[in-house]
Amino acid sequence: STPTLRSCQLLTLDDVLFRLLGPRRSPFFLPVTLTYVLIFVTGVVGNLLTCTVITKHRKMRTPTNLYLFSLAVSDLLVLLFGMPLEIYDLWQNYPFPFAEGVCSFKVFLFETVCFASVLNVTVLSVERYVAVVHPLKTRYAVTNKHAQRVIGGVWLASLVCAIPNTSLHGLRYYYLPEKVLESATCNLLKPQWIYNLVIQVTTVLFYFVPMVVISGLYLAIGVRLGREHRQRVESSRRRQVTKMLAVVVLVFAICWAPFHIDRLLWSFITRWTDHMHNVFEYVHILSGVLFYLSSAVNPVIYNLLSTRFRERFLELVCSRLEPSASQGTSVS
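The sequence shown runs 383 to 714 under our numbering.
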């Protein structure tokens, strides 16, 4: 409940803000920040390596890898722009120190990347389905030009679909009775029911429907590969690529599930008890960690499951290390 003017006069401003907004700093600040820093370093290095390998080697510029490049770009955007703001929120929940434009950018970035990631994974799965189940259609359906057009469509759709939720947010202040600048938070400004509707619709369209479609596609791929089991020479590389992408999709689904559960809980529950708030806080922390982990884990999967990616990664890293090693020997 909002403190009355009389009670406010008996309390310091910090006390009033604590009652209204809770603690300035998250109790999980230290362990979560350390986890985020580890994810940040792994993710930025891994995704930069992925982008460099695909752009540097012509043989790596396949339709499949172009989709992986697009996925790596969305992961880098989250890590480089989203994570620092998230860490700052953990350190100082309020007041929000930036202009309203930064608040809008933060929401817009998260929404865009959320949609772009799932759409990239979906079109990647469709491409794999066509390549394995309908190989005769690959000449015109699985080409670099087609992939580039699809990726452009994915990002355009993601940018447009991010607008509704972004328009609902902004800087929110408390008035006691005048505006208290120290109470600024990047938060929901429009009616809760509109936000609830947007979240529920986008969660269905951009998580549950894609996951059902992707599951059906990989089921069909699995059946087809089972029939081709005897043609080992021709299908061994295809199997390796398909296995790698199936793992990418599975990890994606697992990492993003808590994120969508978090949003659905917030949109469906109208009456909150203290116990529910405590449980939600843990779900929120878990969803945040897994959300960022999904942006860092893909290069690790490529390295473990793709011989070609592993060779190119090693080649790139060794070429960077050799000059410094040779300089060290020449000095001695």
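By construction, the Cβ of each residue, glycine as well, lies at the ideal position given by its N, Cα and C atoms. Computed from a predicted structure; not experimentally measured.
Backbone CA spacing between residue i and residue j [nearest angstrom]
i	j	result
Ala498	Thr446	16 Å
Arg606	Thr432	29 Å
Arg401	Leu393	10 Å
Val615	Phe695	At Val615 the pLDDT is 48, less than 50, meaning the model places this residue with poor confidence; the figure from the coordinates comes in the next sentence. One C-alpha to the other measures close to 25 Å.
Ser541	Phe480	Reading the sequence as shown, one finds Leu at residue 541 and not Ser. Spanning the two alpha carbons is a distance of roughly 23 Å.
Glu697	Thr444	19 Å
Val629	Pro681	12 Å
Phe411	Val455	27 Å
Glu493	Pro517	35 Å
Leu587	Val508	17 Å
Gly535	Ser408	39 Å
Ile545	Phe487	11 Å
Glu663	Leu686	34 Å
Val524	Met442	15 Å
Trp654	Gly604	44 Å
His528	Ala539	16 Å
Glu693	Asp457	22 Å
Asp656	Asn569	21 Å
Phe673	Glu560	38 Å
Asn578	Met658	18 Å
Arg406	Cys700	45 Å
Arg609	Lys438	36 Å
Ser597	Thr504	10 Å
Tyr470	Gln530	36 Å
Val583	Asp644	15 Å
Thr417	Val591	31 Å
Leu430	Phe691	13 Å
Asn526	Val562	54 Å
Spatially closest choice to residue i from the options, by CA coordinates
i	options	result
Pro573	Pro559, Leu550, Tyr557, Thr584	Leu550
Glu564	Phe673, His439, Gln474, Leu453	Gln474
Cys485	Tyr511, Gly464, Pro413	Gly464
Cys543	Asp656, Ile581, Arg609	Ile581
Trp638	Ser597, Met593, Asp656	Met593
Ser688	Arg621, Leu599, Val524, Val419	Arg621
Trp575	Asp397, Leu416, Thr652	Thr652
Leu571	Val398, Val489, Phe451, Val427	Val489
Leu395	Ser597, Tyr600, Val671, Tyr556	Tyr556
Tyr600	Leu627, Leu472, Thr417	Leu627
Val595	Phe691, Leu430, Val500	Val500
Leu491	Gln530, Asn526, Trp537, Tyr522	Trp537
Whether residue i touches residue j by CB criterion (8 Å)
i	j	result
Ser676	Pro640	no
Ala566	Pro477	yes
His666	Tyr589	no
Gly425	Ala678	yes
Leu506	Thr585	no
Val512	Thr520	yes
Glu468	Gly552	no
Val423	Leu459	no
Asn502	Leu461	no
Arg510	Thr624	yes
Ile683	Val633	yes
Val414	Leu472	yes
Val435	Leu558	no
Ala602	Val671	no
Burial state of residue i, where buried means 16 or more other Cβ atoms lie within 10 Å
i	result
Phe650	exposed
Ile636	exposed
Arg716	Nothing about residue 716 can be reported from this structure: the residues present for the chain run from 383 to 714 only.
Ser712	In this prediction, Ser712 scores a pLDDT of 40, lower than 50, which makes its location untrustworthy; no coordinate-derived value is stated.
Leu448	buried
Ser547	The question names Ser, yet the displayed sequence has Asn at residue 547. Looking at its Cβ environment, which holds 16 or more other Cβ atoms inside 10 Å, Asn547 is buried.
Asn660	exposed
Tyr428	Checking the sequence, you will find Gly at residue 428 rather than Tyr. Looking at its Cβ environment, which holds 16 or more other Cβ atoms inside 10 Å, Gly428 is buried.
Leu450	buried
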